[in-house]
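Okay, structure first, notes after.
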Ligand code: SF4
Ligand code: SF4
């Protein structure tokens with residue numbers, strides 16, 4: 045009899061308890077600052093251009109070779125009458141998210157703090173039907189940082 049009562053109490057307590065699950069995707073759990081989805085390029089809001097100089101360091105270090113980087117002379121460099129101290133700047137950049145293993149190595153090798161791991165849900169919810177849609181170009185890689193929508197964590 046005591047066992048029966050205890051089971052009713054347990055069932056009742058569980059019934060009244062606040063749910064521990066969430067109605068995903070309507071509600072999202074808050075992500076930690078160091079969360080790693082996929083890499084994004086970062087926008088220099090002061091100069092109004094990408095931080096990336098196209099130096100190829102990340103491309104060379106990527107273990108799965110899913111990055112392609114092309115640089116160009118920066119038309120906004122001070123020698124051209126502009127305001128930037130970057131002599132070279134990124135011209136074209138692709139990252140194939142379908143191959144990226146989110147290892148963070150590209151972030152660690154970048155000397156310009158120009159790339160960071162997306163630490164928002166937008167990075168985790170980037171599935172696609174066609175694998176070609178997972179190949180991100182320069183504008184796609186820059187857009188969230190340019191809009192101020194992400195602030196990836198970069199080791200001090
Ligand atoms: S996170 Fe790793 S696998 Fe992905 S692009 Fe960067 S270096 Fe390559
Ligand atoms: S993200 Fe960094 S390491 Fe990669 S090309 Fe740009 S400046 Fe170089």
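Residue numbers (our numbering): 45 to 200.
Ideal Cβ placement from N, Cα and C applies to all residues, glycine included.
Since we're looking at a predicted model, the values are computed, not measured.
Give the straight-line distance between the Cα atoms of residue i and residue j, rounded to the nearest whole angstrom.
i, j, result
"residue 105", "residue 153", "7 Å"
"residue 142", "residue 122", "38 Å"
"residue 46", "residue 62", "26 Å"
"residue 178", "residue 112", "14 Å"
"residue 191", "residue 90", "13 Å"
"residue 75", "residue 165", "8 Å"
"residue 172", "residue 58", "38 Å"
Tell me which same chain residues have a C-beta within less than 7 Å of the C-beta of residue i, skipping the five on either side of it?
i, result
"residue 151", "83, 159, 160, 161, 198"
"residue 186", "85, 87, 94"
"residue 110", "139, 140, 143, 144"
"residue 147", "107"
Please return the same chain residues whose Cβ sits closer than 8 Å to the Cβ of residue i, not counting the five positions on each side in sequence.
i, result
"residue 181", "136, 137, 138"
"residue 115", "97, 98, 99, 100, 132, 133, 134, 135"
Tell me whether the beta-carbon of residue i lies closer than 9 Å to the beta-carbon of residue j.
i, j, result
"residue 101", "residue 163", "no"
"residue 134", "residue 167", "no"
"residue 189", "residue 200", "no"
Would you kindly report the start and end of the unbroken alpha helix (DSSP H) that includes residue i?
i, result
"residue 49", "46-60"
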